[in-house]
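First to last, the sequence lines map onto chains B, D and H. Per the working numbering, numbering of the first sequence is gapless, rising by one per residue and ending at 218. Per the working numbering, numbering of the second sequence is gapless, rising by one per residue and ending at 586. Per the working numbering, numbering of the third sequence is gapless, rising by one per residue and ending at 1002. Virtual Cβ for every residue (Gly too), placed ideally from N, Cα, C.
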Amino acid sequence: MTTVALAGPEVAERVRAAFPDAVIEVTADSVTVPAERVVAVARFLRDDAELDGKYLNCLLGIDWLDHFDIVYVLSSLAKNHTFVLKARAAHDAPVVPSVNGVWMGANLQEREVYDLMGISFSDHPNLRRIFLWEGFPGHPLRKDFLALPGGYKPGLQRFPFEFPEGQRAYPEVEGTDAPSAPAVPRLDQPPAASESPSPSGRGQARPERSRRGEGEQA
Amino acid sequence: MTELHTPPYVVNIGPQHPSTHGVFRLKVTLDGERIIDAEMVLGYLHRSMEKLAEERTFTQNIPFTDRMDYLAAMTGNLAYCLAAEKLAGIEVPERGSYLRVIFAELQRIASHCMANGTFVNDCGAWQTPLMYMFRDREKILDLFEMTCGARLTTNYMRIGGVAFDVPDEWYPAIKALVAELPDRIAEYEELLLDSEILLARSRDIGVLKPEAAINASTSGPLLRGCGIAWDVRKADPYCVYDRFDFDIPVGHNGDCFDRFIVRLEEMRQSLRIVGQALTHLPGGPVSTPVPLALRPEPGEAYARIESPKGELGFYLVSDGGPTPYRFHVRSPSYINLSVLKDLTVGLSIADAIVTLGSLDINVGEIDR
Amino acid sequence: MIPFLDAWYDLRSLANPVRELYDWLRDNTADEVVYVVSAVIGAVAILTFVGLGALANVWLERRIIGRIQVRRGPNRVGPFGLLQPVADAIKLIQKEVLQPRASDAKLFNLPPILVFIPAMLTFAVFAWAPDMVYANLNVGVLYLLALSSITSLAIFIAGWASNNKYALLGAMRVIAMAVSYEIPLVLALLSPVLFVGSMNIPTIVDWQRHYDVWLAFLLPMPVLIYAVAATAELNRTPADIAEAESEIIAGFHTEYSGMKFGLFYAVELVNSLAVSGIMASLFFGGYSLYGLDEWLPPWLIFIGKIYFFYFGLIWLRGTLPRLRIDQLMALAWKMLIPLALINICIVATEVLLWRELELTDWVLAAYIAINAVLTVFFIGAFFRLITARFYRLPRRVRLVHDISVPSLPAPGAAAQ
């Protein structure tokens, strides 16, 4: 036997039957509901006899640049099927009701999402940062965390051929008070004409870079 | 006679632990001998692997998975490669799948040797069972070293198969291992399972009820010790597990002793699988060629395996680029910790240490 | 059969050359000089044994435990690692001596010394050979029991003076355990005294030689009770919550560094030798070995027996897990004390019948059989009573071929 992955439309039908206006989006694998309705839908999915989503496999957050998606991978051990529920939250000050009351396994995972992505979960009994310390500037897993002062944008600078039009476009965000990063040349700034791209030239290039970096920060 | 009122006091267990669970800190509030509150402090080993993985190609992320659960690197590699293959729609050749199964099961035996050895060490036996189990673990690590050059962070699986084919000296070594290991496991059972001291230390300690286990998303020996017969290898077979005949050990009570015997029996069942896989090992290529910077179609995929610690899953999101858009690890040790507070409240510290040992956590996987 | 030659060079009894020296001194100097010299020589001899024994025990313990754990013990420092204790001693001596500022200054330095004194004093009353006894006390057994109580007091002073709440906790547990286990210890050591009719240790050894039977065969239950109680008094595994407490809460000797800690460690080893010596003297015939002590030096036989029991203690340490403190107390109060009391009743009855009815000495053979049966019965019964709850559930897993998860209700309202 193998686990059946219930199709999105099938799950959406049952959810719509119970909550007529809760479903925002249906894909082949998942059902998306707005953040405010997630606890009611979750409890329905858990207690429904057909869907029987008693086991929460996984809870994670995804930062799509204009909104957040909280993904709940649910499954039923007794019936051996699995399906995915998603909750959509706004990008500014995202607040999602906590499903800790529905599945206790969500407790630690929601703390992790809060810590690394900055999504607050209301009614969580113990919403504190878990891996990073209180007072850490920012939330690392957000896509805009990388824009540090000085223009430091780490990326695949070793494979420029993968990005013919420049680096992957990150949104321009004002830098937070994160510690200053060492200046690294940006890809969109062509190297100085005197530098040669050969490896032997790299040894000479270093003093050039640091001088240029100091000039940038000044 | 009035009761003597003593204020509760806080004791720090960790982060430098004498047991080998890693840098894990547990702040327990004690009232005399009993624990009334337990608070975990994590993050001492947080290496931001989920963020780093967004900047590296899918193949470059495989060494990260070695270092998450560093005691079970093969299964970490396997789960990630399965997720990437599901995302990109890549098929694995037969020989590659069989080799994956063999190495995953060998890794399970090695990880359970460590887990059981340190569990009995936490119960107080001065490393004697640990040293015995390390004998067998050393033989398995020698097999790993023969194949991929590394004992611990093996980096052996690739998207599309495995990295190298096994050398010639591997076959007699693994046949010798499969022949002698069942006797060793029987020896451990004979020496340990009738010890009244071990029973006194671990029976009825840290009892987990089945409903709570499912609700807290526990998995692995923690779930099977409660009496729930669930194993991802049987429920959702990946690689070629559906071709092998093996049993799932299930406990009775959900206490520390049950998890211990479940792990011992799982070692024996893994040997069964390895034996069957060796007899039917086909020839052919060991992996499908995959481009250096694999660019899967935009989409999401969640793949899970039964790792020695529980259900290890990877949720990968691709946006068409060479790197994952989101790389999330469903780490079994982290989620199994959800029940730690409920299990330890009411016990004494010695029992809390034994319970923590029986959960078999790995901080590399918890903190990532 | 070569009897004792009584020549001064017959080292089978070390008293022979010493007697020559005393005779010479008595002829040439005052009597008090002989007294003082005999005290000094005896003390030096015993302390030499204690010191060398501590060194040897470090090596033995680590090598033997290594072998039990399928590995070699230390084998780098010197041939077969024989200089390892010397290396350990040098390491401990050269460590920085730390004293917490908040600790009780006067009391802090006392425990390492205080705990070593009873360990050394125990060896004074042993009978190493028929005429090698340092202190031929009439109340030898009582003296030994009194000394074992001082050790727990010293440990408590150590825990108190450290001004460390966890050290104090560890020390209090040790006191609780020591006090609890002294009762079965005393009752177990009372049994040979009842049979022999004297607390004098050379007399007890002589009795065993005279009747050609070791008191261990005659009294198996006290031997077992004494073995368990002594292991707990020594704070060795399976009863080593005092020192292994340092895994979780620090033990009583946390604040002690360097040689002070070394003294605590050495005392545990020397106490092990002392306990082995008590066991050998009182139960296993001391220096006698069914006539072999006429050929071999009896003191060598006695040392051999001491190390035989010490090997047993190491074996226990290498193989058994540790018991929790409340389980140890339950073992003492619920199992050992009732067993010891039952044993005293049996022994007293037997001695009474033997002496009052003036039965022949062959009744001892009957006693051996009766006591063996009663031991097996009582220890088995207590064991069953206490450990019955562990066998309630099966100790092997249930093997299931296919997954089957019952449809359990979620902890609905309770999970709010």
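Span of the alpha helix (DSSP H), counted from its first residue to its last, around residue 692 of chain H | If you look at residue 692 of chain H, you'll find it in the alpha helix (DSSP H) that goes 691-694.
Can you name, in chain order, every residue of its own chain whose Cβ lies under 7 Å from the Cβ of residue 226 of chain D, other than the five neighbours on each side?
-> Taken in chain order, the residues that qualify are 247, 248, 249 and 254.
Evaluate contact between the region 507-526 of chain D and the region 324-333 of chain D, counting only Cβ atoms and requiring at least three cross-stretch pairs below 8 Å.
-> Verdict: yes, contact present.
Go through its chain and collect everything with a Cβ distance to residue 355 of chain D's Cβ below 7 Å, but skip five positions before and after it.
-> Only 328, 331 and 332 meet the Cβ criterion.
How big is the Cα-Cα spacing for residue 771 of chain H and residue 812 of chain H?
-> Rounded to the nearest angstrom, the two C-alpha atoms are 6 Å apart.
Output, in chain order, the set of chain H residues within a Cβ distance shorter than 7 Å of residue 12 of chain B.
-> Chain H residues near residue 12 of chain B: none, gap ~23 Å exceeds 7 Å.
CA-to-CA distance, residue 655 of chain H to residue 900 of chain H, given in whole angstroms = In a straight line, the C-alpha of residue 900 of chain H is about 12 Å away from that of residue 655 of chain H.
Would the region 746-760 of chain H and the region 882-901 of chain H be scored as touching if the rule is three or more Cβ pairs under 8 Å?
-> In short, these stretches do not touch, since the Cβ pair count stays below three.
Is residue 518 of chain D helix, strand or coil by DSSP?
-> Look at residue 518 of chain D here: in three-state DSSP terms it is strand.
Taking any Cβ of chain H, which residues in the region 343-358 of chain D have a Cβ under 9 Å from it, in chain order?
-> Answer set for the region 343-358 of chain D: 343, 344, 345, 346, 347, 348, 349, 350, 352 and 353.
Contact set for residue 321 of chain D: own chain, Cβ-Cβ below 6 Å, skip 5 residues either direction | Excluding positions up to five away in sequence, the list reads 292.
DSSP state of residue 362 of chain D mapped onto helix, strand, coil | In the structure shown, the three-state DSSP call for residue 362 of chain D is helix.
Spell out the partners DSSP gives residue 86 of chain B in its beta bridges.
-> Residue 86 of chain B pairs with B:32 and B:71.
Host beta strand (DSSP E) of residue 714 of chain H (start-end) | 713-715 is the span of the beta strand (DSSP E), which, as asked, contains residue 714 of chain H.
Of the listed residues H:632, H:700, H:826 and H:624, nearest to residue 853 of chain H (C-alpha basis) = For the options H:632, H:700, H:826 and H:624, the alpha carbon positioned closest to that of residue 853 of chain H is the one of H:700.
Cβ-based contacts, 7 Å cut-off: residues of the region 65-82 of chain B near chain H | For the region 65-82 of chain B, the set of residues with a beta-carbon nearer than 7 Å to any beta-carbon of chain H comprises 77 and 78, in chain order.
Cβ neighbour criterion (16 or more within 10 Å) applied to residue 128 of chain B | Exposed: under 16 other Cβ atoms inside 10 Å.
Could you check which residue in B:91, B:28 and B:44 has the C-alpha nearest to that of residue 64 of chain B?
-> Out of B:91, B:28 and B:44, B:91 has the C-alpha closest to the C-alpha of residue 64 of chain B.
Does the distance from the CB of residue 858 of chain H to the CB of residue 893 of chain H come in under 7 Å?
-> Residue 858 of chain H places its beta carbon 7 Å or farther from that of residue 893 of chain H.
Going by the CB atoms, is the gap between residue 479 of chain D and residue 260 of chain D shorter than 7 Å?
-> In this structure, residue 479 of chain D does not lie closer than 7 Å to residue 260 of chain D by Cβ.
Once you ignore the five residues that flank residue 283 of chain D on each side, which residues in its own chain have a CB closer than 6 Å to its CB?
-> Contacts found: 294, 295 and 298.
Relative to the alpha-carbon of residue 442 of chain D, which residue among H:697, H:767 and H:988 has its alpha-carbon at the smallest distance?
-> Comparing Cα positions, the closest option is H:988.
Residues of the region 452-482 of chain D with a CB closer than 7 Å to any CB of chain H: list them in chain order, please.
-> Going along the region 452-482 of chain D in chain order, one finds 452, 453, 465, 466, 467, 468, 469, 470, 471, 479 and 480 with a Cβ nearer than 7 Å to chain H.
Interface flag, residue 104 of chain B vs chain D, CB-CB below 7 Å = Output row for residue 104 of chain B: interface = yes.
Candidates D:267, D:275, D:256 and D:345: closest to residue 513 of chain D by CA position | Nearest C-alpha to residue 513 of chain D: D:275.
How would you list, in chain order, the residues of chain H whose beta-carbon sits under 8 Å from the beta-carbon of residue 413 of chain D?
-> 906 and 907, listed in chain order.
Give the straight-line distance between the Cα atoms of residue 925 of chain H and residue 965 of chain H, rounded to the nearest whole angstrom.
-> The alpha-carbon atoms of residue 925 of chain H and residue 965 of chain H are separated by roughly 8 Å.
Which of the residues in the region 50-65 of chain B, read from start to end, lie with their CB under 7 Å from any CB of chain D?
-> For the region 50-65 of chain B, the set of positions with a beta-carbon nearer than 7 Å to some beta-carbon of chain D reads 54, 55, 56, 57, 58, 60 and 62 in chain order.
Please report the Cβ distance between residue 122 of chain B and residue 99 of chain B, rounded to the nearest whole angstrom; I am assuming they are in contact, meaning their Cβ atoms lie under 8 Å.
-> The distance from the Cβ of residue 122 of chain B to that of residue 99 of chain B is about 11 Å, inconsistent with a contact at the 8 Å cut-off.
Give every residue of the same chain whose Cβ lies closer than 7 Å to the Cβ of residue 779 of chain H, excluding the five residues on either side of it in the sequence, and list them in chain order.
-> Cβ neighbours of residue 779 of chain H beyond the five flanking positions: 727 and 785.
According to DSSP, is residue 947 of chain H helix, strand or coil?
-> Note: residue 947 of chain H maps to coil in three-state DSSP.
Have a look at the DSSP bridge pairing and note the partners of residue 379 of chain D.
-> DSSP lists D:376 and D:505 as partners of residue 379 of chain D.
Among residues of its own chain, excluding the 5 on either side of residue 553 of chain D, which ones have a beta-carbon nearer than 6 Å to its beta-carbon?
-> Excluding residues within five positions, the ones whose Cβ falls inside 6 Å are 435.
Cβ-Cβ distance between residue 790 of chain H and residue 782 of chain H below 7 Å = Yes. Within cutoff.
Quick one: is residue 839 of chain H near chain D, going by C-beta distance under 7 Å?
-> When Cβ-Cβ separations below 7 Å define contact, residue 839 of chain H makes no contact with chain D.
Flag residue 796 of chain H as yes if its beta-carbon sits less than 7 Å from any beta-carbon of chain D, otherwise no.
-> No, no contact with chain D.
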